[in-house]
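Participant:
This is the structure we're talking about:
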């Protein structure tokens, strides 16, 4: 796949169903033994839905490869779960890659796009609550592990790894 085949665009409200389908397909690959299967099964219907507030933020994107939705994700100034905003801090949000497009550099291009955009808007520290299988991806971009946290998806506990990357 060449660079000319890939485009990144802002997600819109009209993309919500497509985004949910893409996220569902991607998150189905989380069942790699990293999580308790019962916890993951209970959380999946809630965590695999596109978040309309993220889409409306203007910093959530769709990556298309040859016109086909291949990945999505974005960033925000507000922290996941709490909505807290801290000056200079950004948060990577709801990244997903369709299994047919994994290991092609597509998510990496999206992450680089998000980091550059955040840096241009004054973000000096980017955080991520990475899924357990997602940790190596973020580490490959220089994120470092801060520690494990327990997230709650509609009352279903799932461990994640707090990570951060200095952008200054």
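Numbering (UniProt numbering), first residue to last: 1 to 168.
All residues carry an ideal CB built from backbone N, CA and C; glycine is no exception.
All figures in this text were calculated on a predicted structure; none of them were measured in a lab.
Report buried or exposed for residue 46, applying the criterion of at least 16 other Cβ atoms within 10 angstroms of its Cβ.
Facilitator: Exposed.
Participant: Does DSSP classify residue 196 as helix, strand or coil?
Facilitator: Limits of the chain in this structure are 1 at one end and 168 at the other, which puts residue 196 out of reach.
Participant: Along the chain, where does the alpha helix (DSSP H) containing residue 139 start, and where does it finish?
Facilitator: Where residue 139 is concerned, the enclosing alpha helix (DSSP H) stretches over 135–139.
Participant: Between the stretch 12–23 and the stretch 107–123, can you find at least three pairs of beta-carbon atoms closer than 8 Å?
Facilitator: Verdict: no, contact absent.
Participant: Measuring CB to CB, does residue 127 end up less than 9 Å from residue 85?
Facilitator: The answer is no: Cβ separation not under 9 Å.
Participant: Tell me the start and end of each unbroken beta strand (DSSP E) in the stretch 35–63 that is at least 3 residues and wholly inside, in chain order.
Facilitator: If we require 3 residues or more, the stretch 35–63 turns out to have no beta strand (DSSP E) run fully inside it.
Participant: Using a Cβ-Cβ cut-off of 7 Å (strictly less than) and excluding sequence neighbours within five positions of residue 130, which residues of its own chain qualify?
Facilitator: Here the set comprises 138, 160, 161 and 163.
Participant: Whole angstroms is fine: what's the gap from residue 6's alpha carbon to residue 27's?
Facilitator: The alpha-carbon atoms of residue 6 and residue 27 are separated by roughly 22 Å.
Participant: If you measure between the beta carbons of residue 167 and residue 132, is that distance less than 9 Å?
Facilitator: Going by C-beta atoms, residue 167 is not nearer than 9 Å to residue 132.
Participant: Going by the DSSP bridge assignment, what does residue 145 pair with across the sheet?
Facilitator: Answer is 163, bridged to residue 145.
Participant: So, using beta-carbon positions, are residue 108 and residue 76 closer together than 9 Å?
Facilitator: No.
Participant: Whose C-beta lies closer than 6 Å to the C-beta of residue 60 among residues of the same chain, with five residues either side of it excluded?
Facilitator: 11, 54 and 74, listed in sequence order.
Participant: Our contact map puts residue 95 next to residue 70 with C-beta atoms below 8 Å; I'd like the distance itself, whole angstroms only.
Facilitator: 12 Å between Cβ atoms; not a contact.
Participant: Is the separation between the beta-carbon of residue 158 and that of residue 43 shorter than 9 Å?
Facilitator: In this structure, residue 43 lies closer than 9 Å to residue 158 by Cβ.
Participant: In whole angstroms, what separates the C-alpha of residue 142 from that of residue 40?
Facilitator: The straight-line gap from Cα to Cα measures roughly 27 Å.
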